[in-house]
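Participant:
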Amino acid sequence: MNTETITLIVQALQVARPADAERLCRAQLADDPNDEQVLQLLALSLHFQRRLAEALAAYARLTELQPDCSAYWCNYGTALLESGVTPEAERAYAIAIRLDQGNLMPKIQMGLLLLARNDFLAARETLLDAF
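Positions 148 to 278 (this note's numbering) are the ones given, in order, by the sequence shown.
Written out as structure tokens, the structure is:
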């Protein structure tokens, strides 16, 4: 992994240039397709470009490489939800919560999902647990 390239990728994302970040990620992944840090940045760059199918594939790969990473499952769940695959998103959030009770993001996302589904009691409990 080239730290200079990682810095350039992060800077591209910070200034809303996800296509540039994607290009840099793909070049870096050509040498090491399982570089988690770069794969995560690729997933984010695709997600920011609203290329959800491609982002989902990258997020899914991350959950395969590190199945015990709550953050990867949470990001995967968010992309699934935005893709309209609500049951799978709920499953991903549940896994993220199980893996790390201290990670607030999947609890918040799950609570919002439950609110949208009008499951107010479960949403309340989930959101209270987050805070």
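Glycine included, each C-beta is placed from N, C-alpha and C at the ideal position. Values in this document were obtained by computation on a predicted structure and should not be read as measured data.
For residue 191, count neighbouring C-beta atoms within 10 Å of its own C-beta (all shown protein chains included) and say buried if the count is 16 or more, exposed if not.
Facilitator: Label assigned to residue 191: buried.
Participant: Below 8 Å CB to CB, which residues in the same chain sit around residue 172 once its five sequence neighbours on both sides are set aside?
Facilitator: Excluding sequence neighbours, residue 172 sits near 156, 185, 186, 188, 189, 192.
Participant: Under the assumption that residue 209 contacts residue 169 (Cβ atoms under 8 Å), give the Cβ distance between them as a whole number of angstroms.
Facilitator: With 8 Å as the limit, residue 209 and residue 169 do not qualify as a contact, their Cβ atoms being about 16 Å apart.
Participant: As an exercise, report each continuous alpha helix (DSSP H) stretch of at least 4 residues that is fully enclosed by the region 183 to 245, in chain order.
Facilitator: Listed in chain order, the complete alpha helix (DSSP H) runs (minimum 4 residues) inside the region 183 to 245 are 183 to 195, 199 to 212, 217 to 229.
Participant: Going by other Cβ atoms of all chains shown within 10 Å of its Cβ, with 16 needed for buried, is residue 275 buried or exposed?
Facilitator: Label assigned to residue 275: exposed.
Participant: Return the chain-ordered list of same chain residues with a C-beta closer than 7 Å to the C-beta of residue 242, the five sequence neighbours on each side being excluded.
Facilitator: Only 220 meet the Cβ criterion.
Participant: Near residue 223, which residues of its chain fall below 6 Å by C-beta distance, leaving aside the five closest residues on each side in sequence?
Facilitator: Closer than 6 Å at the Cβ level, and outside the excluded window around residue 223, lie 206, 210, 239.
Participant: Report buried or exposed for residue 225, applying the criterion of at least 16 other Cβ atoms within 10 angstroms of its Cβ.
Facilitator: Flag for residue 225 reads buried.
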